[in-house]
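Read in the UniProt record's numbering, the sequence shown has 466 at position 466, and its numbers run on one by one without any break.
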Amino acid sequence: MSSNKGYYNQNADQFIAATLNVDMLELHRAFLRHLPIGSHILDAGCGSGRDALAFKQQGYEISAFDASESMARHAGKLLQQEVEVKSFNDFEEPASYRGIWACASLLHVPAIEQPAVFARLWHALKPGGVLYCSFKRGNGEREDQGRRFTDAEPEDIQLWAEGLPGLTSTDIWFTSDQRPGRDEQWLNALLFKSGQKLVSGGDSNPFLPHLCAAIHQAREIDMAVAFVKTTGLRLLLPDLLDALQTNADKSVRVRFLTSDYLDVTDPEALRLLMLLQEQGADVRIYQTEGSSFHLKAYVFAGVNNEIGEWGRAFIGSSNISRQALKHGLEWNYQVNYPGDTGFFEARQQFDRLFVDSRVCALSDAWVDSYEARRIKPTQSFEPGSTESDPPPAPTSVQQSALKALGLTREEGYQRGLVVLATGLGKTWLAAFDAKQMGARRVLFVAHREEILNQAAATFTRIQPQARIGFYQGHQRDIQVDILCASVQTLGKAEHLDRFKPQHFDYIVIDEFHHAAAPTYHRLLNYFVPSFLLGLTATPDRTDNANILALCDDNLVFESDLFAGVSGKLLVPFHYYGIFDNDVDYQSIPWRNGRFDPELLSNKLATLGRAKHALATWRLHAQKKTLAFCISTKHADFMADYFAKHSVKAAAVYASSALSRGEALEQLSDGTLDVLFSVDLFNEGVDLPTIDTVMMLRPTESKILFLQQLGRGLRKADDKSQLVVLDFVANHQSFLHKPMALMNQSMNHRELANFGRKAEQGLLDMPDGCFINYDLQFIEFLKSLDSGSLQADYRNLRDTLGRRPSLTEFYHSGTSIQDLRRQYGHWFALVAEQEADRSPIEQHLIQKHASFWQELMTTNMTKSYKMVLLEAFQELDGWQQAPSLVELAEHSWQVLQRRRMLLSDLPDDYRGQRQPPKDWLSYWKKNPIDAWCKGSFFNVEDGFFIGNLIVSENEQMAFNELVQELLDYRLATYQARARDTEVTVTPIASSPSHIELAYFPNLKIACGHFKTGRADAEEYRYLGPEFERLDTSRHFIARASGNSMNGGKEPIEDGDYLLLEVISSESAGKITGVTLAIERQDEAGDNQYLLRKVLKDDDGQYRLKANNPDYNDILVTDALREQFRTFARLKAVLDPLQMVVGQAFMREEIPALFKTAFNPGSWNSGHVVIPEAQAHVILVTLNKQGKAIDLRYHDHWIDERHFHWQTQNQTSPEGKRGKEIIQHESLGIGLHLFVRDNKLKNGKAAPFVYHGRVRYQKHEGSKPMSVNFELMD
């Protein structure tokens, strides 16, 4: 063959030009129709690489070789991967390929050697594989223009292939040469190797990888199983969710059928299937009703543009349980099309069963009903039928965080930030805390769909009965208990407007380090939850400085990487910082903290670097390695290089042939040693068996670095430590890694000191951990010592990859005093160092220099100046001046959020929910007057006016500059405050209540629920006895008219009605129930009725009014279409149940008890209303101005108990005294109304209604001193 090799080396260009564009489509189709998409194909004797490229572009994994150096070099360039130089005699590989393509290459092998070469290729072919070869038709051997040929006829192929083990069939056909001017005939042959159609299960051949592979490749996925266990479904859920993520290239249909057979299916699994349904799957239930349902069928189909339709079905014994999918001895027979038309029979049977009359759609209502009637099996009748995971419980770190969150809410904080290292369970913590707080409506916000899916699954485990929905892409779930929302969608104003600001009482912002972005700001400024939790793994205050202000500077809890290792929650790590001497990073463009991605990918995907990585891996790696790459090209290159050097390696990314689930399973079971990944495993995936992490790319941030590191820190059996192989270099992009590892903010001098400590082995590490940097990187760190403001600025900018904020500059340890002395203010230094800042910013920095200097230097004995300025900014004061009243009230709100600043207030102001009566006067004296003494603000006609002139197009940039200095001043002020002991004043919590939508009449209510909006114009509160109501279904409306005013349960005009929306999921029975009904008459006019539904003996329905003056309505067939039931009556409410916490003037209170105001009796503090069986107690706490003997001793004991002193003539023996003491047995209600002062702004102050109270004890007589307890 040496003459052939010489010919192709000398004539490669001419040969390639003549053959590169030959139409091979039909031959490709004939070959590929037998191979699933993603199969590994070997192009044996690849020539120009023409065919290998076509296969690769269709989604197949390619390896190639050629005997000619010139041809291999050209093919490598075309494929952008390595092509080996070897002959057929050099080829020797185990069964590695699903397809082998030997097009016009075996024809150069002498006839006597053909059987041996066929045997070598056959040995490299996997069971079920196919070998293609082609020869020029003819007999014998010949030489033509310096090349040797072996021509063949069909009988030659059969002879050479004789004795190949497992050869099931051979297809042979002839084609004509497609090149112009050529008339040769070509002999084509496909040789088929018998496959393993039986998946036998067990540890050697588990079912799970086969399912994951099929899910990844299919466009139609049908599953029918007798039961689903949560343990098994979680194994499939990531791949199913990936499949349902629609994109332009692939739209997948998923149909899922399971049953209630023997009550084996887990309700929690059904809730997870509801999440799958939210993403577009069609999930249905076969209701057995005493019959059996033993199906275990998995049917997959797809279409390839080149080869047409393909199908694969598994029929066997595996339900969806962990045991059945991973370890159990379960047999599942594989049926493939083309090849076996039985596939269509299986699919047709599934189609019939999916629409069977006993099948219904999965819904929350069905799951609720199933869970209520289910009798959990106690004995296993089938493998996996009783398996379950223990109920989730918080870890020790999570328990500490939960305690801290409870305390912070007791102290009155409404926002808080929790910092947890990757692997410590941030999402679990949020789910536990939402349950701990008793949150009814939860909003979970993240920036990636994968995180939202994971959060939904986590919340399902903690609150399995909660209704969970999504707000992302085209999904618009609203009436749910837990809403998982994409910030990119919900952060838009048109979507926020669909919710009332108080709609959610608990909000979680995941990856809170992103919260400085404008979309997050809109969301944070819009919603007013009872509590907002920010979650991040950001390791230090340099990163937290800006985002902490968004959580009102309330860092609730922090547990870093070292704490997780020390607490035995994470495994120790051995970190190797490998100097990357094969890449010149300084030559790659680096802007805004990122390298040019294409140039970086080209620099990283080189043979020299791959060789270095392989040598390092062999020296340090353990058993299961996850490697992070910069691009798909880089991942493919590395996987190919490792595989060529006998390492079991593969690449996985969003569009890779290998699915994520299949890849993880292969890594777990030892099929793979190394998995090269792009983006798929940065966050949100649990990978406990990973024991080595290899970082083959720079990371743009500490967060990304810690996320990648955290993939291997999970604990697992037989795993004592994690090995980290991190390729670093002398470039600023690598400086955040030491800071992330040590959880420390470091300036360049501190980084240099870190380098010296690392060199001497003096780093303070948890037991079992060590950090070992190559000497070249240590020398780079030691060289970072600098001695000027300008150098400190540039170094910090290089470390962050962007312009630092003043707060970050302050936290880096640089002298701000030196900054002020040299530059006057921060932005002067910024302007000098950032020549490419926007013209608007440069103009603002110069124009308002004196204001920036004033903000940096103004005296702050208290925080008030900056609190006022923050309130002014939030009120958009630079564009529209706020009134002093508005500014003072909003400043009070800022103080309530920033609880650490409450210590600045006078003692008698602390702990108050509302601003004290003299708050405006107090705020005018300081800081309003303080700001107005300068030239930047003044007061005119009761408005606080900023004197700086800022045009509309400059406004946003100006606000950001002001906020940057404001954040710095508050950060430094609070740092000083932390040096002294600060007592945070707690605020008494309100009684638990539920907030329901309120409508003035049924017409408005009906119209509201037709629109599907999440909020109403008005809301009413109900007490704890109603807290189990579903706020998405229950509402309050006023009765109109007297048609139901009669009988034992009359409903009067104006009564408050508690109603429940009727839907397909909450229909229930209607006979004997009072319903709200919409009636549309023949003229198209709508009426809204309240009627009781009765059913006559003949089955006819009647709508009955309680008032005998109104006739019953017989619902005939002709009238049936006119009626639509939309709500059922649950109760007629006492108006007092809805006004707890509301304020009323004295003259407004009698109407609550349906009596008239009489000044003679209502000007006292104790009013008895016999007809209402009520005592009304009216209390003014501050009684200055009253006679000494009328200053009763009334006060709150705590948030639930009140001490009240009666009027002087009241005794325990008297009528009033007895009614107070015995009120419960007498059926008398005691109602407490309280106000702080008699006057407010010179006018009578209103009383706040605190609800009914219960007598506890009393002392004395004339007057009596009585202790009350607020009633639930």
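Where is the CB? At the ideal position from N, CA and C, for every residue including glycine.
Going by C-alpha distance, which of the options is nearest residue i?
i       : options                           : result
Glu1049 : Ala1005, Leu1002, Ala1131, Ala997 : Ala1131
Gln421  : Gln707, Lys1238, Val830           : Sequence inspection shows Ala at residue 421; the Gln mentioned does not correspond to that position. With distances taken between Cα atoms, Ala421 lies closest to Gln707.
Arg697  : Arg374, Leu1002, Thr632, Ala393   : Thr632
Leu355  : Arg284, Asn332, Pro392, Arg409    : With the sequence shown as reference, residue 355 is identified as Val, and Leu is not the correct amino acid for it. Checked all of Arg284, Asn332, Pro392, Arg409; the closest Cα to Val355 is Arg284.
Asn11   : Gly1214, Arg33, Arg29, Gly47      : Gly47
Leu237  : Ser380, Ala455, Glu410            : Ala455
Thr857  : Glu886, Pro839, Arg837, Asp818    : Asp818
Glu597  : Gln666, Ala657, Val678            : In the sequence as presented, Glu is not what sits at residue 597; that position holds Pro. Per the Cα distances, Val678.
Glu330  : Leu198, Leu713, Tyr506            : Leu198
Asn959  : Pro518, Ser396, Asn859, Ala346    : Pro518
Ala1151 : Leu1136, Lys126, Asn1163          : Leu1136
Met1264 : Lys1243, Gly473, Thr1206          : Thr1206
Given residue i, which residues of its chain have a CB within under 7 Å of its CB, disregarding the five upstream and five downstream residues?
i       : result
Asn4    : His108, Arg147, Arg148
Lys1186 : Because Lys1186 carries a pLDDT of 40, less than 50, the predicted location of this residue cannot be relied on, and the following value inherits that uncertainty. So no residue of the chain qualifies.
Asn947  : Ser935, Phe936, Phe937, Asn938
Phe504  : Arg441, Val442, Leu443, Phe527, Pro529
Asn205  : Val199
Only counting the same chain, and skipping five residues up and downstream in sequence, which positions put a Cβ closer than 6 Å to that of residue i?
i            : result
residue 1285 : In the structure displayed, the chain extends from 1 to 1272; residue 1285 sits before or after that span and is not available.
Val1168      : His1175
Gly534       : Leu417, Ile509, Phe512, Cys551
Give the straight-line distance between the Cα atoms of residue i and residue j, rounded to the nearest whole angstrom.
i       : j       : result
Ser213  : Glu92   : The residue asked about is misnamed: residue 213 is Ala in this sequence, not Ser. Each residue's Cα considered, the two are about 28 Å apart.
Asp177  : Val652  : 39 Å
Ile315  : Gly202  : 17 Å
Leu775  : Ala663  : 36 Å
Pro539  : Gly280  : Bear in mind that a pLDDT of 48 at Pro539, under 50, signals an unreliable position, so the number given afterwards is only what the model happens to contain. Answer to the nearest angstrom: the Cα atoms are 37 Å apart.
Lys1095 : Leu235  : 50 Å
Val130  : Ser701  : 47 Å
Val1253 : His1231 : 6 Å
Gly1165 : Met1271 : 20 Å
Thr542  : Gln842  : Residue confidence for Thr542 is low, a pLDDT of 39 falling below 50, so the modelled location carries little weight and cannot support an answer.
Gly423  : Ala430  : 14 Å
Pro36   : Pro338  : 10 Å
Leu763  : Phe727  : 20 Å
Gly232  : Ser357  : 28 Å
His620  : Thr692  : 9 Å
Ala457  : Asp389  : 14 Å
Met274  : Ser1032 : 18 Å
Pro391  : Phe31   : 51 Å
Trp617  : Asp13   : 39 Å
With hydrogens ignored, establish whether the beta-carbon of residue i is closer than 7 Å to any heavy atom of the ligand ATP.
i      : result
His848 : You won't find the ligand ATP in this model; it holds no ligand whatsoever.
Counting only the same chain and skipping the five closest in sequence on each side, list residues whose C-beta sits under 8 Å from that of residue i.
i       : result
Asn1045 : Ile1051, Glu1052, Asp1053, Asn1106, Asn1107
Asp582  : Thr606, Gly608, Arg609, His612
So, does the region 823-830 touch the region 840-859, judging by three or more C-beta pairs under 8 Å? yes
Do three or more CB pairs link the region 952-968 to the region 805-822 at distances below 8 Å?
-> yes
Between the region 579-598 and the region 431-446, do at least 3 Cβ pairs fall closer than 8 Å? No: the two stretches stay apart, fewer than three of their Cβ pairs being nearer than 8 Å.
Open item on the list: For the pair the region 856-876 and the region 923-933, tell me if three or more CB-CB distances fall below 8 Å.
Closed with: Taking 8 Å as the limit for Cβ pairs, the verdict is that the region 923-933 does touch the region 856-876.
> Are the region 150-157 and the region 101-120 touching by the rule of at least three beta carbon pairs closer than 8 Å?
Replying inline: yes
Using 8 Å as the cut-off, can you tell me whether the region 707-725 makes contact with the region 565-579, which would need three or more C-beta pairs spanning the two stretches below that distance? yes
Q) Mind pulling the alpha helix (DSSP H) runs of 4 or more residues that sit fully within the region 1137-1223? A) 1149-1152, 1159-1162, 1215-1221
Which runs of the alpha helix (DSSP H), 4 residues or longer, sit entirely within the region 697-738?
702-710
Touching by the beta-carbon criterion (3+ pairs, under 8 Å), the region 753-767 and the region 776-783: yes
> With contact counted as at least three CB pairs below 8 Å, one residue from each stretch, are the region 215-231 and the region 181-191 in contact?
Replying inline: no
**Message:** Quick check on the DSSP output: what are the complete beta strand (DSSP E) runs of length 3 or more inside the region 173-241, in order along the chain?
**Reply:** 185-193, 220-225
Curious, which full-length alpha helix (DSSP H) runs of at least 4 residues does the UniProt domain "Helicase ATP-binding" (407-557) contain?
Counting whole runs of 4 or more residues, the UniProt domain "Helicase ATP-binding" (407-557) contains the alpha helix (DSSP H) stretches 426-437, 449-462, 487-490, 493-496, 518-526, 541-550.
Inset, instruction - For the region 749-756 and the region 549-567, state whether three or more C-beta atom pairs, one from each stretch, are separated by less than 8 Å. - result: no
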